[in-house]
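Enquirer: Would you mind keeping the following structure in view while I ask a few things?
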Amino acid sequence: MTPARTLRTALAALALAWAAAAMAAGTTYYRFDNARQQARYDRLTEELRCLVCQGESIADSHADLAKDLRDQVHEMVAAGKTDRQVIDFMVDRYGNFILYRPPVEPATWLLWGGPFLLLCLAAAVALARARRSRVEPVRALDEEERRRLGDALSRHHGRQGRS
Amino acid sequence: MKRFAVPVIVFAGLLALLAVGLKLDPRRVPSPLIGKPAPAFEASSLHDPSRQLSLADLHGKVALVNVWASWCASCRQEHPYVRELARRGVPVYGIDYKDARADAVDWLNTLGNAYVATVFDPRGRIGLDWGVYGVPETFVLDANGVVRHKHIGAIDDRSLEDEILPLVRRLRAEATK
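Chains P and S, in that order, give the protein sequences.
Position 9 of the first sequence, counting from 1, maps to 9 under my numbering, and the rest follow consecutively.
Position 81 of the second sequence, counting from 1, maps to 81 under my numbering, and the rest follow consecutively.
Printed below as a string of structure tokens:
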């Protein structure tokens with residue numbers, strides 16, 4: 001076998017293994033009329049949270065409910081419904097909880113604003129502390145201090161000279 | 001001492017927040033259906049495929065809609081409470097969710113059928129419209145067919161006595177006003 005053929009065979013085997021793994025994972029492939037619908041389906045299922053295994057999107061989840069919701073999204077996208085219509089359909093039934101990016105409204109102000117609030121708070125605290133620990137301005141020595149400093153220095157130098 | 005006061009207060013606040021967060025059950029997702037008319041449906045009866053059931057069948061009275069399935073273990077555990085509700089005069093309707101007809105009929109024959117009627121939802125389409133994401137779930141409807149409460153998970157002694165029956169009494173009082 002030529003090296004090129006060996007490589008091709010290896011790649012084909014890899015692709016096959018990949019497909020088998022994907023099928024073993026229970027993934028259903030949905031058919032769409034065009035790539036744009038496919039892209040919209042992919043994006044929508046990534047944006048929707050599975051209510052059963054709450055850390056996963058319905059695109060990733062293996063829960064039965066996630067599959068039903070994927071079917072639903074597929075059906076609506078294939079039927080020419082807009083993203084807005086799909087999202088509204090889901091929110092009407094499952095609430096904002098199904099959205100990974102919930103809308104900004106009174107109930108979610110703290111959720112959206114919380115991190116910025118904490119950042120402002122931390123900045124305020126840091127600023128206050130920095131101000132408090134600021135170094136005292138340097139003041140010139142007065143007569144008495146100058147004399148004592150001079151004495152001390154000359155004593156020090158004297159000692160050094162003797163050794 | 002005084003320089004520790006602020007960090008200690010902040011820490012205590014954080015602790016309180018996390019303690020409350022721990023107590024909340026993330027599995028209980030609030031239903032957007034509360035306060036809205038129950039979603040319409042039209043499907044065959046579990047026991048009689050030729051008979052069509054719809055939302056109109058339970059209109060005009062305070063009623064419970066219990067979503068269950070024969071494959072669901074906590075539904076089996078819950079069923080005595082459904083029977084207790086029926087015994088106390090609360091009409092309970094069933095939605096048999098993603099089930100096989102024969103299995104579901106068997107299940108009811110074994111455990112006792114306490115439902116006024118059960119609608120058969122083999123593909124979970126009605127369940128989807130009602131925002132069901134796990135069985136059992138129970139909806140409390142007022143006399144106008146508005147969803148007033150959703151109980152997620154199996155009904156037990158406490159939810160029966162403290163949650164569902166008082167609400168049914170209140171909704172009945174409301175309806176006679």
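In this text, a Cβ means the ideal position worked out from N, Cα and C, and glycines have one as well.
1) Using 8 Å as the limit for Cβ to Cβ distance, is R84/P near chain S?
2) Is DSSP giving R159/P helix, strand or coil here?
3) Give a yes or no on whether 8 Å exceeds the smallest Cβ distance from G113/P to chain S.
4) What is the residue span of the alpha helix (DSSP H) that R148/S lies within?
5) For the region 58-68 of chain P and the region 42-50 of chain P, state whether three or more C-beta atom pairs, one from each stretch, are separated by less than 8 Å.
6) With a cut-off of 8 Å on the beta carbons, I'd call V62/S and R172/S a contact; round off their distance for me.
7) Taking only runs of the beta strand (DSSP E) that begin and end inside the region 56-91 of chain S, which ones reach a length of at least 3 residues, in chain order?
8) Does the Cβ of C120/P have 16 or more other Cβ atoms within 10 Å, making it buried, or fewer, making it exposed?
9) Are any of the Cβ atoms in chain P nearer than 8 Å to that of L18/S?
10) For R132/P and V8/S, what's the separation of their Cα atoms in angstroms?
11) Here's a check: name, in chain order, each residue in its chain whose Cβ is nearer than 6 Å to the Cβ of Q77/S, leaving out the five neighbours to either side.
12) Along the region 111-140 of chain S, where does the CB come closer than 7 Å to a CB of chain P? Name the residues.
13) So is P136/S buried or exposed if we call it buried at 16+ other beta carbons inside 10 Å?
14) So, is the C-beta of D60/P closer than 8 Å to a C-beta in chain S?
15) Which stretch, first to last residue, makes up the beta strand (DSSP E) that contains E137/S?
16) Could you please give the first and the last residue of the uninterrupted alpha helix (DSSP H) stretch that includes E46/P?
17) Which residue marks the beginning of the beta strand (DSSP E) containing D99/S, and which one marks its end?
18) According to DSSP, simplified to helix, strand and coil, what is F120/S?
19) Check this for me: beta carbons of L33/S and V147/S, under 8 Å apart or not?
20) By how many angstroms is the C-alpha of D88/P removed from the C-alpha of E102/P?
21) Which bits of chain P does V29/S rub up against, with CB to CB less than 9 Å?
22) Give the residues of chain P in contact with P7/S, contact being defined as C-beta atoms less than 7 Å apart.
23) On a CA-only basis, which of G127/S, P80/S, V116/S, T176/S is nearest P39/S? Give me that one, please.
24) Checking contacts by CB at 8 Å: is Q38/P closer than that to chain S?
25) Per DSSP, which residues does G94/S bridge with? Please list them.
26) My output table needs one value for A24/P: the three-state DSSP class, helix, strand or coil.
Expert: Concretely, from the data shown:
1) In the first sequence, residue 84/P corresponds to position 84, counting from 1. No, its Cβ sits nowhere closer than 8 Å to a Cβ of chain S.
2) Your numbering for residue 159/P matches position 159 in the first sequence. Here R159/P sits in helix by DSSP.
3) Indexing the first sequence from 1 puts residue 113/P at position 113. Output row for G113/P: interface = no.
4) Residue numbering aside, residue 148/S sits at position 148 when the second sequence is read from its first letter. Segment 147-152 is the beta strand (DSSP E) holding R148/S; no alpha helix (DSSP H) there.
5) yes
6) Numbered from its first residue, the second sequence carries residue 62/S at position 62. Numbered from its first residue, the second sequence carries residue 172/S at position 172. Contact flag correct, Cβ pair sits at about 5 Å.
7) 63-68, all fully within the region 56-91 of chain S.
8) The residue you call residue 120/P lines up with position 120 of the first sequence. It is exposed - the Cβ of C120/P has fewer than 16 other Cβ atoms within 10 Å.
9) As a first step, residue 18/S must be located in the second sequence, where it is residue number 18. Output row for L18/S: interface = no.
10) Translated into the one-based positions of the first sequence, residue 132/P becomes position 132. Translated into the one-based positions of the second sequence, residue 8/S becomes position 8. Taking the straight line joining both Cα atoms gives about 20 Å.
11) Indexing the second sequence from 1 puts residue 77/S at position 77. These residues qualify, in order along the chain: A154.
12) G124, L128, D129, G131, Y133, G134
13) On the second sequence, residue 136/S is found 136 positions in, with the first residue counted as 1. Buried.
14) Here the question's residue 60/P lines up with position 60 in the first sequence. No, no contact with chain S.
15) Within the second sequence, residue 137/S is the residue found at index 137, counting from 1. Looking at the DSSP string, the run of the beta strand (DSSP E) that includes E137/S is 137-141.
16) Along the first sequence, one-based indexing puts residue 46/P at 46. That run of the alpha helix (DSSP H) goes 35-47.
17) Translated into the one-based positions of the second sequence, residue 99/S becomes position 99. From DSSP, D99/S is part of no beta strand (DSSP E); its letter is neither H nor E.
18) For the purposes of this step, residue 120/S is taken as residue 120 along the second sequence, with counting starting at 1. In the three-state reduction of the DSSP assignment, F120/S falls in the strand class.
19) Mapped onto the second sequence, residue 33/S falls at position 33. Mapped onto the second sequence, residue 147/S falls at position 147. Cβ atoms of L33/S and V147/S: closer than 8 Å.
20) Numbered from its first residue, the first sequence carries residue 102/P at position 102. Numbered from its first residue, the first sequence carries residue 88/P at position 88. According to the sequence provided, residue 102/P is Pro. The question's Glu does not apply to it. Spanning the two alpha carbons is a distance of roughly 12 Å.
21) Taking the second sequence and counting its residues from 1, one reaches residue 29/S at position 29. Per Cβ cutoff of 9 Å: L51, Q54, Y94, G95, F97, I98.
22) The count along the second sequence starts at 1 and reaches residue 7/S at position 7. Neighbours of P7/S on chain P: none; closest Cβ ~10 Å, over 7 Å.
23) In the second sequence, the residue the question calls residue 39/S occupies position 39. When only C-alpha atoms are compared, the closest one is G127/S.
24) Locating residue 38/P in the first sequence gives position 38, counting from the first residue. Closer than 8 Å: no.
25) Here residue 94/S refers to the residue found at position 94 when the second sequence is read from its first residue. In the DSSP output, where bridge partners are listed per residue, G94/S has N66/S, T118/S.
26) Counting from one through the first sequence, the residue named residue 24/P turns up at place 24. In this prediction, A24/P has a pLDDT of 48, which is less than 50 and means its spatial position is unreliable; what the coordinates show is noted afterwards. Helix, per DSSP.
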